[in-house]
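Chemist: My questions will all concern the structure given below.
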């Protein structure tokens, strides 16, 4: 339930409305929707509460059952923009997150970080806690992986991102990295969404391969409703009958999401297609279609990767892709962010 | 990695093999596979460990990368059977779990429990923590819901089952109910699977609407590998292009799962089809095809249900379905379990 | 467009309405819908025609854009029933069509026909023109196949069914067989649908693995609108992400179709699941869920079949399935049709 | 079966091999595969034929069961290129086919043709025979539509393309248009594929929304095996669970098809997405990912279109898209074909 207040609602009235809500045992969150102050209550309204609220002169409108609202264009017509270190996420830049599927060793991590920084990447990725279909597959290095990722990021001047798998790891991950990732398999792990929503870090939310666009936005709404509006939506392929590719990249989701939501939309072509030779054309398609960023798996030696080697680019391949997508970005006067990276990283490395 | 020991492996050798594994920093679990003692290590093997293990005379075979094994027929050729209170889950009985989608109130819960017990149901279901697509939908009564469910179950002599949504609730839920349910959206929440695997309670695992049968079995393997072998697999519809029904019941999954795995296979026709008028024919299809149990949503007044009313049977409808599936079960000399329920519950209520 | 006439519409008025329609250059077909005479025009109406028709007193209602109508329960509340030789298709019987995927030789065809007749099958199938994914696969024996099928059917007293692939073969096929089959790949070959709609033979229409239930009914409507109302709808699996089975049998389609349409609904478990060991449980599921008939592939020596051997039952397996589904049919007081078959065929063979 | 001959196979030997094949009652087609002469036989081989053929010294290799071969890169490593009037289809150009879904009237057709020619389109499309889900929807103007399309194309200097629905219309359509289109619903209408394969006109083959990439190539193989190698593959969206768009554009199919096949690959973003506002970003994605051409629906007044108005661009929108995709094509030194169109068409109109 969202209670939108009248423009001229006085402070005293606000306090009275707040008391009415709290008297019904409900928690309250204040937000702003299309320029109006609004109260969000994370439960559907009973008739009794609505009756009580409607008696307040300061209440303009009670929206009863919106499935999602904070993440929509109705709520915020302008595209969301925010900074992660020296990187600006939003409609005027192009952000490229790169790195290995899993953090494997100090050398692997540092070599990748130096390589992708040199090629102009914006951020560094690397999995420390890995969700694997089988319990007998490599599950990641855990906290040691977080350390290696943070260290490599620092040495190359790249903000970092990694996945949070379990609620109990959220604080730990937040200590080490700049962006928290929710993986595709956890897109509807609502408990985890609420927990990352309460951290003071941007969240990259991956679309589940079986989630509709509506469900994807509702998952983002869980994060937003918990108080965190710095959310990146990331399309990474949906599950279909086609098996020539790992998943089917739903490229249409980019313009559809951007029309429905003010949140930035990224694309992960690596997981979508699953074979490195097809990552470059899909990365270009994503930029041409208006994606605000990319997430690309890169490994210094893909043949020896502990996970997802088949879809990881080598460093020279990544470097080549970066040139091609910069050319595409130029057509729309966008730069891979931050523009000064290439120069800087070269002098560092 | 699974290390299968020779039949004549001595206790001393076992201890030595254990030490070799632990010296590599790995945790060990003992199991039995097709009559042989085996050690399970929850990490893929390095060449170094394999070399070390192969030197032991007591090691017969090292299985390197099975994606799942404990849940397969290779591991246990005979179908699994176990008791939940007075209910036997397994190949010789037919178990019917019934109850409302959500626990809503003491009256709703008790009326349903009495009704389904009277009709011969085996167990009582009811959601206390509800996973909802939107954060603004009814999220369940929480611990109060657990109390009401347990109370209703006790008064009608029915074991109970409810969903665990968050790791931190697992102990709480286990205190109140007889079977822990993992919902479809959490089928690949591997952290949660491990946690329920460590509890001393049977687990009903629902198939994710996006999961292949292989992935479903791998999810069950997470629970088994954590030490819990009392697992029920529950098919509840997969997501396809067809929209005449909520999901598409994958009825073929019943014989396929039963061929691949020794675990009992249940079907939830309510979530699969989403409309109450189609629940009875699908329930019958499930029994005809060899399912070991059913999970059916029942509500005394579906029109007023706080969730999933459209797919809930009324009590008279449920009673009618029970008669039809008992007829089907008779053809295979199976009884809805426990057979003495109808008589007993009638004298109680 | 459908023009429903008033009950008391005089013959003279009917003639005038007919003339109005024909003056607009449109062809007309007369039908009866829920007991009322109606005119069907196979084009959407222009405003001009509607204006002209509305002036006639005998016109009760003009239905502008029904996507399908003749095949719906609205049009005919009672289930359709018709005979094919001594076999009655409809709600009170259970029809089992059996035979090989392809007609291969006189011996193979006769041996199969004798075997399935002996087991109590209702009709004989066998493909003479085969639609194959690759142009280099066996394409069927053509007219020679039709002869062998007809001959085997006659010798065993079984009506026959085979697929029509091309418009130019429709007359030829109709000469040899009792039921014309439209295969899944041609479900939206609208030209072919119209042509078989004009023949005086019942049609079995298979659902395309990509067709929604609505599209399936619209395809049947093409046949009905061409004047042929003896149509069998046959569910044979839809295409989904799951690969453990060839297709995913949409068992829910049986009750959904029967609610929406008055046409008989059959199930082909062989093509749905693609592996013979899973055909019996799915055949039982189909009967339990209310299907009016089954189509099952049977081959005397599946290992040597020229097509689809993997999913063909042997003759003993078919015989065993027949007993099981007769038991299921008994529960609903239905008999595999015709009931006297078993006795008869035994004395013949 | 494909029989590849040795390089030094004499004419006499060729005649003998031909005779051996024909003695077995098989038809023969001569082709060239990777520079070698080969015989294609449109039936799978029996052991007997293979034995007989292997005795010939001139036979190098007998490929028994290739599902498709003529359309693969193995067969022709270089990309196929061919002309349609003054338009070159192939890897060095970008072809844009534009026009209305249906031919509706002389004015509508001419206005569209002039507009798209003026914006630089390469070819003109327009449906005369329309495949419609319901028999009561507009079915196209038939031959009158073909005349209007041909006339508009001629007046604007644009080659034309339209769909062939029925075998009996193939010659008629071939008289009027430059390219024959096989629609998505007929992709596995093998009879129709063979018939258009025998005409002396290029064929644009649309992918069925439920066809795998392998099946798509096999359908093209039917056309190629009938003797026609001027084939355009056109991706137009596959059917998935997502409903925010009409279909899901499988953008990955572009690089996958180009790797597997030498045939040109086009994309139809209009049918894929179904809403005009999303056509421009998808058209750009297609070009960025390497598609050789586009097919875009354009209507002078989409609100009044008799079919698919929702997805048709207006003429000014089409003009704007053309500029954007020309910019993208420039990055790869490709031009929308023919390059001189814009100048020419302006002086004409």
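Protein chains in written order, with the working numbering: chain U, 5 to 353; chain F, 5 to 353; chain L, 5 to 353; chain X, 5 to 353.
All C-beta atoms, glycine included, are put in the ideal place defined by N, C-alpha and C.
Name, going along the chain, the residues of the segment 241-253 of chain F whose beta-carbon falls closer than 8 Å to a beta-carbon of chain X.
Modeler: 243, 244, 245, 247
Chemist: Would you mind giving the Cβ-Cβ distance between residue 295 of chain U and residue 271 of chain U, rounded to the nearest angstrom? I have them listed as a contact below 8 Å.
Modeler: Walking along the first chain from the start, residue 295 of chain U turns up at place 291. Walking along the first chain from the start, residue 271 of chain U turns up at place 267. With a Cβ gap of about 5 Å, residue 295 of chain U and residue 271 of chain U count as contacting.
Chemist: Does residue 113 of chain U get closer than 8 Å to chain F when you measure Cβ to Cβ?
Modeler: Locating residue 113 of chain U in the first chain gives position 109, counting from the first residue. No, residue 113 of chain U does not count as interfacial toward chain F.
Chemist: Kindly indicate which residue of L:300, L:299, L:318 has the alpha-carbon position closest to the one of residue 306 of chain L.
Modeler: One-based indexing of the third chain puts residue 306 of chain L at position 302. For residue 306 of chain L, the nearest C-alpha among the options comes from L:318.
Chemist: How would you list, in chain order, the residues of chain B whose beta-carbon sits under 8 Å from the beta-carbon of residue 96 of chain F?
Modeler: Although the question refers to chain B, the structure presented lacks it and instead comprises the protein chains U, F, L and X.
Chemist: How about residue 256 of chain L: is its C-beta nearer than 8 Å to some C-beta of chain F?
Modeler: Mapped onto the third chain, residue 256 of chain L falls at position 252. So, interface residue.
Chemist: With a 10 Å radius around its C-beta and 16 neighbouring C-beta atoms as the bar for buried, classify residue 165 of chain X as buried or exposed.
Modeler: Indexing the fourth chain from 1 puts residue 165 of chain X at position 161. It counts as buried.
Chemist: Going along the chain, which residues of the segment 193-223 of chain L sit with their C-beta nearer than 8 Å to a C-beta in chain F?
Modeler: 214, 216, 217, 218
Chemist: Are the Cβ atoms of residue 283 of chain L and residue 98 of chain L separated by less than 8 Å?
Modeler: Indexing the third chain from 1 puts residue 283 of chain L at position 279. Indexing the third chain from 1 puts residue 98 of chain L at position 94. Cβ atoms of residue 283 of chain L and residue 98 of chain L: not closer than 8 Å.
Chemist: Helix, strand or coil: which one does DSSP assign to residue 102 of chain F?
Modeler: Indexing the second chain from 1 puts residue 102 of chain F at position 98. Under the three-state reduction of DSSP output, residue 102 of chain F falls in the strand class.
Chemist: Excluding the 5 residues preceding and the 5 following residue 42 of chain U in the sequence, name in chain order all residues of the same chain whose CB lies nearer than 8 Å to its CB.
Modeler: Your numbering for residue 42 of chain U matches position 38 in the first chain. Excluding sequence neighbours, residue 42 of chain U sits near 6, 7, 8, 9, 34, 35, 36.
Chemist: Give me the Cα-Cα distance between residue 132 of chain F and residue 230 of chain U, rounded to the nearest whole angstrom.
Modeler: Within the second chain, numbered from 1, the residue matching residue 132 of chain F stands at position 128. Within the first chain, numbered from 1, the residue matching residue 230 of chain U stands at position 226. Near 21 Å, if we compare the C-alpha coordinates of residue 230 of chain U and residue 132 of chain F.
Chemist: If we ignore side chains and look at the alpha-carbon of each, how far apart do residue 74 of chain U and residue 216 of chain U end up?
Modeler: Within the first chain, residue 74 of chain U is the residue found at index 70, counting from 1. Within the first chain, residue 216 of chain U is the residue found at index 212, counting from 1. Distance between the alpha carbons of residue 74 of chain U and residue 216 of chain U is about 18 Å.
Chemist: Could you have a look at residue 42 of chain U and say whether DSSP puts it in helix, strand or coil?
Modeler: Your numbering for residue 42 of chain U matches position 38 in the first chain. It is a strand residue.
Chemist: Taking DSSP's pairing of strands, which residues face residue 67 of chain F in a bridge?
Modeler: Position 63 of the second chain, counting from 1, holds the residue named residue 67 of chain F. BP columns for residue 67 of chain F point to F:6.
Chemist: For residue 232 of chain F, decide whether its Cβ has a neighbour in chain U, counting only Cβ atoms nearer than 8 Å.
Modeler: Here residue 232 of chain F is taken as the residue at index 228 of the second chain, counted from 1. False, the Cβ-Cβ gap to chain U never drops below 8 Å.
Chemist: Give a yes or no on whether the minimum CB-CB distance between residue 277 of chain U and chain X is below 8 Å.
Modeler: The sequence position of residue 277 of chain U within the first chain is 273, counting from 1. So, interface residue.
Chemist: Out of F:39, F:71, F:139, which one is the CA nearest neighbour of residue 12 of chain F?
Modeler: By 1-based counting over the second chain, the position of residue 12 of chain F is 8. It is F:39 whose Cα lies nearest to the Cα of residue 12 of chain F.
Chemist: Buried or exposed: residue 134 of chain F, going by 16 or more other Cβ atoms within 10 Å of its Cβ?
Modeler: Along the second chain, read from residue 1 onward, the residue named residue 134 of chain F stands at position 130. Buried is the call here.
Chemist: Give me the subset of the segment 277-293 of chain X whose CB atoms are less than 8 Å from a CB atom of chain U, sorted by chain position.
Modeler: Cβ contacts with chain U: 277, 281, 282, 285, 286, 288, 289, 290, 291, 292, 293.
Chemist: Looking at C-beta atoms only, is the number of pairs between the segment 58-69 of chain U and the segment 21-32 of chain U that lie closer than 8 Å three or more?
Modeler: yes
Chemist: Are the beta-carbon atoms belonging to residue 264 of chain U and residue 221 of chain U less than 8 Å from one another?
Modeler: Here residue 264 of chain U refers to the residue found at position 260 when the first chain is read from its first residue. Here residue 221 of chain U refers to the residue found at position 217 when the first chain is read from its first residue. Their beta carbons are under 8 Å apart, which means residue 264 of chain U touches residue 221 of chain U by this criterion.
Chemist: Could you tell me whether the Cβ of residue 171 of chain U comes closer than 8 Å to any Cβ of chain F?
Modeler: Indexing the first chain from 1 puts residue 171 of chain U at position 167. Yes, contact with chain F.
Chemist: Assign residue 51 of chain X to one of two classes, buried (16 or more other C-beta atoms within 10 Å of its C-beta) or exposed (fewer than that).
Modeler: Indexing the fourth chain from 1 puts residue 51 of chain X at position 47. Residue 51 of chain X should be labelled exposed.
Chemist: I'd like the span of the beta strand (DSSP E) that includes residue 238 of chain X, first residue to last.
Modeler: Locating residue 238 of chain X in the fourth chain gives position 234, where the first residue counts as 1. Note, residue 238 of chain X: beta strand (DSSP E), 235-239.
Chemist: So, at 7 Å on beta carbons, what are the nonlocal neighbours of residue 25 of chain F in its own chain, with the 5 sequence-adjacent residues on each side left out?
Modeler: Here residue 25 of chain F is taken as the residue at index 21 of the second chain, counted from 1. Correct list, in chain order: 32, 43, 45.
Chemist: For residue 2 of chain L, return the contacting residues in chain F, with the cut-off set at a CB-CB distance below 8 Å.
Modeler: Lying before the first or after the last residue shown, residue 2 of chain L is absent from chain L, which here runs from 5 to 353.
Chemist: Does the beta-carbon distance from residue 205 of chain L to residue 184 of chain L come in below 8 Å?
Modeler: Along the third chain, one-based indexing puts residue 205 of chain L at 201. Along the third chain, one-based indexing puts residue 184 of chain L at 180. Going by C-beta atoms, residue 205 of chain L is nearer than 8 Å to residue 184 of chain L.
Chemist: For a quick check, are the C-beta atoms of residue 139 of chain F and residue 246 of chain U less than 8 Å apart?
Modeler: As a first step, residue 139 of chain F is located in the second chain; it is residue number 135 there, counting from the start. As a first step, residue 246 of chain U is located in the first chain; it is residue number 242 there, counting from the start. Contact flag unset, no.
Chemist: Is residue 140 of chain U close to chain F? Criterion is C-beta to C-beta, closer than 8 Å.
Modeler: Indexing the first chain from 1 puts residue 140 of chain U at position 136. Chain F, which has a Cβ nearer than 8 Å to the Cβ of residue 140 of chain U, makes this yes.
Chemist: Quick check: what's the CA-CA separation for residue 186 of chain F versus residue 313 of chain F?
Modeler: Here residue 186 of chain F refers to the residue found at position 182 when the second chain is read from its first residue. Here residue 313 of chain F refers to the residue found at position 309 when the second chain is read from its first residue. Straight-line Cα distance between these residues: approximately 21 Å.
Chemist: Using a cut-off of 9 Å between C-beta atoms, extract the partners of residue 135 of chain F located in chain U.
Modeler: Here residue 135 of chain F corresponds to residue number 131 of the second chain, with the count starting at 1. Neighbours of residue 135 of chain F on chain U, chain order: 192, 193, 194, 195.
Chemist: Whole angstroms are fine: how far does the CA of residue 178 of chain U sit from the CA of residue 145 of chain F?
Modeler: Within the second chain, residue 145 of chain F is the residue found at index 141, counting from 1. Within the first chain, residue 178 of chain U is the residue found at index 174, counting from 1. Each residue's alpha carbon lies about 31 Å from the other.
Chemist: Flag residue 5 of chain U as yes if its beta-carbon sits less than 8 Å from any beta-carbon of chain F, otherwise no.
Modeler: The count along the first chain starts at 1 and reaches residue 5 of chain U at position 1. Closer than 8 Å to some Cβ of chain F, the Cβ of residue 5 of chain U qualifies, so yes.
Chemist: Is the beta carbon of residue 109 of chain X within less than 7 Å of some heavy atom of the ligand ZN?
Modeler: Because no ligand of any kind appears in the structure shown, any question about the ligand ZN cannot be addressed here.
Chemist: Tell me whether residue 209 of chain F sits in a helix, a strand or coil according to DSSP, three-state version.
Modeler: Taking the second chain and counting its residues from 1, the one referred to as residue 209 of chain F is at position 205. The answer is strand: DSSP assigns residue 209 of chain F an E or B state.
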